[in-house]
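Chemist:
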Amino acid sequence: MNRIWIDVEDLFHYAASMPRPSGIQRLSFEIQQALVEQFGTGGAIRFLRHDLLHGGFREIAWDEVVALFRYMVTAGPAPAAPRQVIEPPRRGWLRRKLRPSIQRLPTTVREPLTRAVRHQLECLQALAGAARLQVASWCFLLRAAHAALRPHHKSPSPHDSASPPGPTEKFGATVQAGDTLLVLGSPWWRDDYGELVRLARARHGMRFALLVYDLIPIRRPEWCDRYLVIAFTGWLDEMLPLADAVLTISRATARDVAWHAERHGIALAGPITPITIGHGFGVAPAAASPSPSLPEAGSYVLFVSTIEARKNHMLLFRVWRRLLEEMPPGQVPTLVFAGRIGWLVADLMQQLDNAGHLGGAIVIIENPSDDDLAALYRGCLFTVFPSLYEGWGLPVTESLLFGKPCVVAAATSLPEAGGSFARYFDPDNLHDAVRVIRATLEDRAGLAAWQARIRREFRPIPWSASAQSVLEALAAFHAPVAPEP
Amino acid sequence: MAPTIWIDVEDLLAYALSFTRPSGIQRLAFELYGALQREFPDRVRFVRQDRLRGGFVSIDWAELTARFAAITRLPGASAVPSPPRRHTQARLRRWLERLPPEIHAPLIAALRHQAAALAEVGAALGALRPARRARPAMAASGHGGIALNALARPGDVLGAFGASWFGPSHPALLREARSRLGLRVALLIYDIIPLRRPEWCDPAMTARFCDWYLAALPEADFLFAISRATAGDIRRHAAATGLRLRAEVQTVPIGSGFTAPPPAPPGGRLPAAGTYVLFVSTLEVRKNHVLLVRAWRRLLEAGPAERVPLLVFAGRIGAMVADLLAELVNSDYLGGKVVLLEHPDDAELAALYRGCLFTVFPSLYEGWGLPVSESLAFGKPCLASNATAVPEAGGELARYFDPESLPDAVRALRSVLDDPAALPAWEAEVRAGFRLVAWSEAARAIVTAVSRGESVA
Numbered sequence: 050m051n052r053i054w055i056d057v058e059d060l061f062h063y064a065a066s067m068p069r070p071s072g073i074q075r076l077s078f079e080i081q082q083a084l085v086e087q088f089g090t091g092g093a094i095r096f097l098r099h100d101l102l103h104g105g106f107r108e109i110a111w112d113e114v115v116a117l118f119r120y121m122v123t124a125g126p127a128p129a130a131p132r133q134v135i136e137p138p139r140r141g142w143l144r145r146k147l148r149p150s151i152q153r154l155p156t157t158v159r160e161p162l163t164r165a166v167r168h169q170l171e172c173l174q175a176l177a178g179a180a181r182l183q184v185a186s187w188c189f190l191l192r193a194a195h196a197a198l199r200p201h202h203k204s205p206s207p208h209d210s211a212s213p214p215g216p217t218e219k220f221g222a223t224v225q226a227g228d229t230l231l232v233l234g235s236p237w238w239r240d241d242y243g244e245l246v247r248l249a250r251a252r253h254g255m256r257f258a259l260l261v262y263d264l265i266p267i268r269r270p271e272w273c274d275r276y277l278v279i280a281f282t283g284w285l286d287e288m289l290p291l292a293d294a295v296l297t298i299s300r301a302t303a304r305d306v307a308w309h310a311e312r313h314g315i316a317l318a319g320p321i322t323p324i325t326i327g328h329g330f331g332v333a334p335a336a337a338s339p340s341p342s343l344p345e346a347g348s349y350v351l352f353v354s355t356i357e358a359r360k361n362h363m364l365l366f367r368v369w370r371r372l373l374e375e376m377p378p379g380q381v382p383t384l385v386f387a388g389r390i391g392w393l394v395a396d397l398m399q400q401l402d403n404a405g406h407l408g409g410a411i412v413i414i415e416n417p418s419d420d421d422l423a424a425l426y427r428g429c430l431f432t433v434f435p436s437l438y439e440g441w442g443l444p445v446t447e448s449l450l451f452g453k454p455c456v457v458a459a460a461t462s463l464p465e466a467g468g469s470f471a472r473y474f475d476p477d478n479l480h481d482a483v484r485v486i487r488a489t490l491e492d493r494a495g496l497a498a499w500q501a502r503i504r505r506e507f508r509p510i511p512w513s514a515s516a517q518s519v520l521e522a523l524a525a526f527h528a529p530v531a532p533e534p
Numbered sequence: 004m005a006p007t008i009w010i011d012v013e014d015l016l017a018y019a020l021s022f023t024r025p026s027g028i029q030r031l032a033f034e035l036y037g038a039l040q041r042e043f044p045d046r047v048r049f050v051r052q053d054r055l056r057g058g059f060v061s062i063d064w065a066e067l068t069a070r071f072a073a074i075t076r077l078p079g080a081s082a083v084p085s086p087p088r089r090h091t092q093a094r095l096r097r098w099l100e101r102l103p104p105e106i107h108a109p110l111i112a113a114l115r116h117q118a119a120a121l122a123e124v125g126a127a128l129g130a131l132r133p134a135r136r137a138r139p140a141m142a143a144s145g146h147g148g149i150a151l152n153a154l155a156r157p158g159d160v161l162g163a164f165g166a167s168w169f170g171p172s173h174p175a176l177l178r179e180a181r182s183r184l185g186l187r188v189a190l191l192i193y194d195i196i197p198l199r200r201p202e203w204c205d206p207a208m209t210a211r212f213c214d215w216y217l218a219a220l221p222e223a224d225f226l227f228a229i230s231r232a233t234a235g236d237i238r239r240h241a242a243a244t245g246l247r248l249r250a251e252v253q254t255v256p257i258g259s260g261f262t263a264p265p266p267a268p269p270g271g272r273l274p275a276a277g278t279y280v281l282f283v284s285t286l287e288v289r290k291n292h293v294l295l296v297r298a299w300r301r302l303l304e305a306g307p308a309e310r311v312p313l314l315v316f317a318g319r320i321g322a323m324v325a326d327l328l329a330e331l332v333n334s335d336y337l338g339g340k341v342v343l344l345e346h347p348d349d350a351e352l353a354a355l356y357r358g359c360l361f362t363v364f365p366s367l368y369e370g371w372g373l374p375v376s377e378s379l380a381f382g383k384p385c386l387a388s389n390a391t392a393v394p395e396a397g398g399e400l401a402r403y404f405d406p407e408s409l410p411d412a413v414r415a416l417r418s419v420l421d422d423p424a425a426l427p428a429w430e431a432e433v434r435a436g437f438r439l440v441a442w443s444e445a446a447r448a449i450v451t452a453v454s455r456g457e458s459v460a
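Here the protein sequences line up with chains A and B, keeping their order. Taking our numbering, I'd label the letters of the first sequence as residues 50 to 534. Taking our numbering, I'd label the letters of the second sequence as residues 4 to 460.
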């Protein structure tokens, strides 16, 4: 019987620097878990880490993967309080004391003096601001250096335990010709991954398949870290010709892989197959009640996403500016951005500050806990997702799972995620976004009917279906996988 | 006897202290002052603020020209500042601009506030010693000018045609000029973007502008706007907020030419003529450079890269574009298709205009749209935003797209790039059809309006 060996090293690599799993880690974990549920452990489905001592792979028990993943899901950073408009400083003690004597001065002296003091304060504030920014950048460097020197500074976590008694030799002894090496995650940091794959093929007669999430570092490098662009592009260009099957998380990504291969003359060894993506993530976090500071239910539109340039928060900022100008006062709901503040958005945040968050119409809830997120989903009028480029679109299916209508960018993979339950607009066209969002806001009866239809008709896809589609994608060269007797 | 127009040029002089090259407003204002001076030499005088004693003092046109030339490097610049000082200033300016914008901006703000604080302390001290005010105005003036209250007659006009909100107490000065000297106040408004779109402006500037605007506008006996779009914005804002205006807003025609740049040979960093599309503007979020980057990304995805021309951004790096610059670095400037030319001097700009295929101007909000009329003046077609005042600057010779819609921008670019015959025909149209609006027209419009106001009064 042929086995499927899933490389999970990237989860351990990721956990060393990031506290919480991202979409890639969650999605690959769900598929792995569904496969384990169907076929058990120790049978046809096996897990691999990289053997850094001897090269090649070593087998790892599924329990270790589960332990690390659960640790990551439950031990995230404490959520921050919502950003609020900073109140002007209270009039101070000094001012109260000085006021009587200042008021005795003649106007011609008092007024310029008052202005002089105000300017002097602004001058000092500006200098302090400059100094603070400078210090902040030094602190960042210090922290980065500190983190680099001591990678495991967190509380003990499962992956910190001194080299687990992994059955290192077992992999070499167990693996058979015709077994498949499957990459569901993101081992892009290894620029020698091609060597690993070639060895696995040459030594063990293995097949190789990988799951591709998106080609954003290639199609839109402007939104990616330069190092990631170089690492990912090199990795993918080397992997594609080696892969007996390329799996993608959407038809859009499948198109992108084909486009890229054609444009760069990369010969693909196997087919490109989009797999089915399940809905919702199974691991429930430790229960905690949502923060009391969330906006009132029914008063807001929700955008759940890391705040970064690609996600197009800028567009919604401009849409809300237009809505506030064009719609009657009091008719425009609050817009909630819920997510971590990512990168390439410092200028957007500055614009939000400059505009006083449009008089409080835009609220940012940084690092919401899973409970806060659930409460936010339940209380929103509907959700929006204007992202310019995605491999799939988890927040869209998440919104539908919560029974909430979602107004979505008609770009890349998003129509696949939203299907017939979402409404769409062009994320590169402000007018189109205003038109669709305004129509949704102005037709509350239609919104209620839309929500009712989602609750009635939306059928969540189980992760077992994803696991099944992965097996089907491998079926071309991999014998049918049977449960262990 | 016709009233004299006293023009407050304080902002122009203050701008010279900020170590930056003049922006649109300073350039427009300076051209307008020149035209007023040429056309109405007997009617126009210039004043600056007297920070020490309050009020205004006169300043010679020659001195003003010299100071402005020092920052623009216009012909005649060499006569004014001594070389070492100019060198230091340029170095200080370069050093300041090389700092990250988030450090640069507060430092500049700190310098400005420090200067203002010292000036105010000076004013307070001056007020404490009233005896000194008895000195003859001429001798007392630290700036070598004569106090306006010794020169102006009731009925004269005090004109503030620049960026007057830089000064802390400008509206009070206007009020004083009206009530004490019986002067009538004329204001020229370029745009009210800080009121309409504060997100694109420095918050300190927004606060200063809004304070100034709300206090100064009710003082204006004559209110001019540089475009119908700005005039409309002023009227709508007043109607919406109940701001009471004394005067109807009148639109002043904006001249299209600038004082000719020196015939200096441009440096070697310019791309070859005929290989690029040009966007002249400070890089700031309002100017919408990001739209063009995305449009070029689409052009490059659709067709062979060698058929897509370069996109040249020529201008200073302004506020809130650090993320855009990072995106450019991440994408390797779209594989070298985007070229950033910082601080082009006037000779380089002229060469860039002459060598471009056409120009683009995707700005989201403008009081006018100087680069559009400038492009047409160079005989170059301009593909411009259809927002706010830009179509007034481009007229029928420019072509337009919606700056809020990437598909529309790409469509407009393709219509020019995909049809090789279209561009020469359009360029011929521009050269044949362009009518230079002389700055004297703007000067005449202002003086006529002021004189008509006189006869009515």
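Note that CB positions come from ideal geometry on N, CA and C, so glycine has one too.
Would you list the one or two residues that DSSP bridges to P323 of chain A?
Modeler: For this step, residue 323 of chain A is matched to residue 274 along the first sequence. The partner list for P323 of chain A (beta bridge, DSSP) reads A:T297.
Chemist: With a threshold of 7 Å on Cβ separation, who are the neighbours of L520 of chain A within its own chain once the five nearest residues in sequence on each side are excluded?
Modeler: Within the first sequence, numbered from 1, the residue matching residue 520 of chain A stands at position 471. Closer than 7 Å at Cβ, skipping near neighbours: V530.
Chemist: Using 10 angstroms around the beta-carbon of A189 of chain B, count the other beta-carbons present and answer buried if the total reaches 16, otherwise exposed.
Modeler: As a working note, residue 189 of chain B is residue 186 in the second sequence. Label assigned to A189 of chain B: buried.
Chemist: Counting C-beta neighbours from all protein chains within 10 Å, is the total for H406 of chain A 16 or more, i.e. buried, or is it exposed?
Modeler: Position 357 of the first sequence, counted from the start, is the residue given in the question as residue 406 of chain A. H406 of chain A comes out buried.
Chemist: At the level of alpha carbons, what is the spacing between T68 of chain B and A153 of chain B?
Modeler: Here residue 68 of chain B refers to the residue found at position 65 of the second sequence. Here residue 153 of chain B refers to the residue found at position 150 of the second sequence. Taking the straight line from one Cα to the other gives about 24 Å.
Chemist: Buried or exposed: where does G37 of chain B fall if 16 or more other Cβ atoms within 10 Å of its Cβ makes it buried?
Modeler: Position 34 of the second sequence, counting from 1, holds the residue named residue 37 of chain B. Buried, because 16 or more other Cβ atoms sit within 10 Å of the Cβ of G37 of chain B.
Chemist: Does the beta-carbon of T383 of chain A have 16 or more other beta-carbons within 10 angstroms, so that it is buried, or is it exposed?
Modeler: By one-based count along the first sequence, residue 383 of chain A stands at place 334. Buried: at least 16 other Cβ atoms inside 10 Å.
Chemist: Under 8 Å between C-beta atoms, does A329 of chain B make it to chain A?
Modeler: Here residue 329 of chain B refers to the residue found at position 326 of the second sequence. So, interface residue.
Chemist: Measuring only from the beta carbon, is A435 of chain B closer than 7 Å to any heavy atom that is part of the ligand MN?
Modeler: Absence of the ligand MN is noted for the structure shown, with no ligands found whatsoever.
Chemist: By Cβ distance below 8 Å, which residues in the same chain neighbour A3 of chain B in space, the five residues on each side in sequence not counted?
Modeler: Limits of chain B in this structure are 4 at one end and 460 at the other, which puts residue 3 of chain B out of reach.
Chemist: What residues in its chain sit with their C-beta under 7 Å from that of A448 of chain B, if we drop five residues either side in the sequence?
Modeler: Counted from its first residue, the second sequence places residue 448 of chain B at position 445. If we look at A448 of chain B and ignore the five residues flanking it on each side, its Cβ neighbours are V255 and P256.
Chemist: Could you have a look at R88 of chain B and say whether DSSP puts it in helix, strand or coil?
Modeler: Taking the first residue of the second sequence as 1, we reach residue 88 of chain B at position 85. Unreliable placement is indicated for R88 of chain B, whose pLDDT of 43 sits below 50; no coordinate value is reported for it.
Chemist: Answer yes if the region 209–218 of chain B comes into contact with the region 167–185 of chain B, meaning at least three C-beta pairs across the two stretches below 8 Å, and no otherwise.
Modeler: Yes: at least three Cβ pairs fall under 8 Å.
Chemist: Based on the DSSP output, what are the partners of E415 of chain A in its beta bridges?
Modeler: Translated into the one-based positions of the first sequence, residue 415 of chain A becomes position 366. A:G388, per the DSSP bridge assignment.
Chemist: Buried or exposed: M323 of chain B, going by 16 or more other Cβ atoms within 10 Å of its Cβ?
Modeler: As a position in the second sequence, residue 323 of chain B is number 320, starting the count at 1. Buried, by the Cβ-count rule.
Chemist: List, from N- to C-terminal side, the beta strand (DSSP E) runs of 3 residues or more that fit wholly inside the region 419–464 of chain A.
Modeler: Segments of the beta strand (DSSP E) lying fully in the region 419–464 of chain A: 432–434 and 455–458.
Chemist: Would P410 of chain B pass as an interface residue toward chain A - the criterion being a Cβ-Cβ separation below 8 Å?
Modeler: The residue labelled residue 410 of chain B in the question sits at position 407 within the second sequence. Judged by the 8 Å Cβ criterion, P410 of chain B is in contact with chain A.
Chemist: Any idea if E369 of chain B is buried or exposed, counting beta-carbon neighbours within 10 angstroms, 16 or more meaning buried?
Modeler: On the second sequence, position 366 is the one that residue 369 of chain B refers to. Result: buried.
Chemist: Any beta carbon of chain B sitting closer than 8 Å to that of A471 of chain A?
Modeler: Translated into positions along the first sequence, residue 471 of chain A becomes position 422. No, its Cβ sits nowhere closer than 8 Å to a Cβ of chain B.
Chemist: Considering only the beta carbon of each residue, do G39 of chain A and S77 of chain A sit closer than 8 Å?
Modeler: Because chain A is modelled from 50 through 534, residue 39 of chain A falls outside the range shown and cannot be assessed.
Chemist: Between W512 of chain A and S299 of chain A, how many whole angstroms is the CB-CB distance? I'm expecting something under 8 Å.
Modeler: Counting from 1 along the first sequence, the entry for residue 512 of chain A is found at position 463. Counting from 1 along the first sequence, the entry for residue 299 of chain A is found at position 250. Not really, about 16 Å apart at Cβ, beyond 8 Å.
Chemist: For the region 203–220 of chain B, which residues have a CB atom closer than 9 Å to at least one CB atom of chain A, in sequence order?
Modeler: Answer set for the region 203–220 of chain B: W203, C204, D205, P206, A207 and T209.
Chemist: What residue range does the beta strand (DSSP E) around C385 of chain B cover?
Modeler: Taking the second sequence and counting its residues from 1, the one referred to as residue 385 of chain B is at position 382. Unbroken beta strand (DSSP E) run through C385 of chain B: C385 to S388.
Chemist: For a test of the three-state rule: what should DSSP assign to V353 of chain A, helix, strand or coil?
Modeler: To locate residue 353 of chain A, count along the first sequence from 1; it is residue 304. Residue state, collapsed to three classes: strand.
Chemist: Provide the residue(s) that pair with Q253 of chain B in DSSP beta bridges, ordered along the chain.
Modeler: Within the second sequence, the letter at position 250 stands for residue 253 of chain B. Q253 of chain B pairs with B:F227.
Chemist: What's the call for E304 of chain B, buried or exposed, on a 16-neighbour Cβ count within 10 Å?
Modeler: Start at 1 with the first residue of the second sequence, and residue 304 of chain B comes out as number 301. Exposed: under 16 other Cβ atoms inside 10 Å.
Chemist: Please report whether the beta-carbon of D224 of chain B lies at a distance below 8 Å from any beta-carbon of chain A.
Modeler: Taking the second sequence and counting its residues from 1, one reaches residue 224 of chain B at position 221. No, because no Cβ of chain A sits closer than 8 Å to the Cβ of D224 of chain B.
Chemist: Give a yes or no on whether 8 Å exceeds the smallest Cβ distance from V14 of chain B to chain A.
Modeler: Taking the second sequence and counting its residues from 1, one reaches residue 14 of chain B at position 11. Sequence check: residue 14 of chain B is Asp here, not Val. With 8 Å as the cut-off, D14 of chain B does not count as an interface residue toward chain A.
Chemist: Helix, strand or coil: how does DSSP classify L231 of chain A here?
Modeler: The count along the first sequence starts at 1 and reaches residue 231 of chain A at position 182. DSSP places L231 of chain A in strand when its eight states are reduced to three.
Chemist: Using a threshold of 8 Å, state whether the C-beta atoms of S388 of chain B and F404 of chain B are closer than that.
Modeler: Reading the second sequence from its first residue, position 385 is the one you call residue 388 of chain B. Reading the second sequence from its first residue, position 401 is the one you call residue 404 of chain B. The answer is yes: Cβ separation under 8 Å.
Chemist: Report the option in B:H116, B:A65 and B:L151 whose CA atom is closest to the CA atom of R51 of chain B.
Modeler: As a working mapping, residue 51 of chain B is identified with position 48 in the second sequence. Minimum Cα distance to R51 of chain B is reached at B:L151.
Chemist: Mind checking who H99 of chain A pairs with in its DSSP beta bridge?
Modeler: In the first sequence, residue 99 of chain A corresponds to position 50, counting from 1. H99 of chain A pairs with A:F106.
Chemist: Along the region 308–336 of chain B, what residues have a CB closer than 9 Å to any CB found in chain A?
Modeler: Of all residues in the region 308–336 of chain B, A322, M323, V324, A325, D326, L327, A329, E330, L331, V332, N333, S334 and D335 have a Cβ within less than 9 Å of some Cβ in chain A.
Chemist: At 7 Å on the CB atoms, spell out the chain A contacts of Q117 of chain B, in chain order.
Modeler: Against the second sequence, residue 117 of chain B aligns to sequence position 114. Ordered by position in chain A, the residues that pass the 7 Å Cβ test against Q117 of chain B are C172.
Chemist: Give me the Cα-Cα distance between F281 of chain A and R275 of chain A, rounded to the nearest whole angstrom.
Modeler: Position 232 of the first sequence, counted from the start, is the residue given in the question as residue 281 of chain A. Position 226 of the first sequence, counted from the start, is the residue given in the question as residue 275 of chain A. About 10 Å.
Chemist: What's the C-alpha gap between M141 of chain B and V453 of chain B?
Modeler: The count along the second sequence starts at 1 and reaches residue 141 of chain B at position 138. The count along the second sequence starts at 1 and reaches residue 453 of chain B at position 450. Note that M141 of chain B has pLDDT 37, beneath the 50 cutoff, so the model's placement of it is unreliable and the number below is only indicative. Each residue's alpha carbon lies about 29 Å from the other.
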